[in-house]
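Here the structure is laid out as structure tokens; the discussion comes afterwards.
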Amino acid sequence: MTDDCAALRGLLASGAPVTWVFTGDSITHGLIHTRGARNHVDHLHELIRGDAGRVQDAVINTAITGWRADLILGDFDRRVAHWRPDVVTLMIGTNDCTTEWLDPVIEVSAFAASIAEFVRRVRALGAVPVLQTPPTVDLLHAPDRARIGEFAQAIRDVAAREGVVLVDQYAAFADFSVGTGPGNEGVPWGLLDDAFHPSAAGHALLALGWAEVVGIGDAGSLVLAELAARVAVARHPQWPPV
116 MTDDCAALRG LLASGAPVTW VFTGDSITHG LIHTRGARNH VDHLHELIRG
166 DAGRVQDAVI NTAITGWRAD LILGDFDRRV AHWRPDVVTL MIGTNDCTTE
216 WLDPVIEVSA FAASIAEFVR RVRALGAVPV LQTPPTVDLL HAPDRARIGE
266 FAQAIRDVAA REGVVLVDQY AAFADFSVGT GPGNEGVPWG LLDDAFHPSA
316 AGHALLALGW AEVVGIGDAG SLVLAELAAR VAVARHPQWP PV
């Protein structure tokens, strides 16, 4: 167990109020593509302050659509430090990896350096960082994001080197597409609303992955049961569609 894992477990065991900050891009911002349903941070809010009974905790979402790791570092005070967090979760990379919409293009090494700097700044606040890899992308319809796997790996590498708690959402979305029928071409159709934004079911899977790694919720959690049911339906949708 890393020091961060131990610190996280200690926070949860202490009973003291915890301030959780989630930041990132549109996937954490979580609007539009859920079609009015809750996004994964909303689900985790209910899990933490509802099912887990941590009513004194605060769950704050500062993500902004279109943002990248370098932009978050440039606005770190507002996005993170201002809230005096105990735990900070970052999911980023889907915009950073594009080869079409940025000039100059962000290199993987520069992205990795930004992630490492983010971790350093979070720890300097006395908070525990949690890194999430971004979900997979439908590259047929978003070919400019063909490097997304490299950027996900960069996050894994930083997490391993720095001993950071990691939620590998990229791997979870990749695993989902296995065995869901012919023609999927490695794309988790049931979890996406477009080429790279998770649907309501996608956000359910994001929340499940985070909760499992961080250690929030138990076998009796109604929130986790509901989220698992949504993912199961997405894996085997009704046919023909309504």
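Just add 115 to the spot in the sequence shown (first one is 1) and you have the numbering used here.
All residues carry an ideal CB built from backbone N, CA and C; glycine is no exception.
Predicted model only: the values in this text are computed from it and were never measured.
With a cutoff of 8 angstroms on beta-carbon distance, I179 and T134 are scored as not near each other.
Contiguous beta strand (DSSP E) elements confined to the region 118-147 occur at 134-139, taking only those with 3 or more residues. For the 8 angstroms CB-CB criterion, T204 and Q247 form a contact. Per DSSP, V203 is one residue of the beta strand (DSSP E) stretching across 202-206. Q247 is bridged by DSSP to M206, V282.
Within a 10 Å sphere around the beta-carbon of V252 sit 16 or more other beta-carbons, which makes this residue buried. Under DSSP, V174 shares a beta bridge with W135.
Assignment of L307 by DSSP, reduced to helix, strand and coil, places it in the strand class. One Cα belongs to V328, the other to A239, and the distance between them is close to 23 angstroms. Setting aside the 5 residues that flank it on each side, A196 is surrounded in the same chain by L240, each with a C-beta closer than 7 angstroms to its C-beta; the list follows chain order.
Residue burial annotation: Q171 is exposed, with fewer than 16 other C-beta atoms found within 10 angstroms of its C-beta. With a 10 Å radius around the Cβ and a threshold of 16 neighbouring Cβ atoms, W198 comes out buried. Of the candidates D290, I207, V293, P303, I207 places its Cα closest to the Cα of I263.
In the displayed model, P258 falls within a helix according to three-state DSSP.
In this chain, the alpha helix (DSSP H) harbouring A344 covers 337-350. Contact annotation: the region 118-133 does not touch the region 285-295, with fewer than three C-beta pairs closer than 8 angstroms. In the DSSP assignment, L321 falls within the alpha helix (DSSP H) that extends over 315-329. Less than 8 angstroms separates the beta-carbon of A269 from that of I230.
For S292, there is no enclosing alpha helix (DSSP H), since its DSSP letter is neither H nor E.
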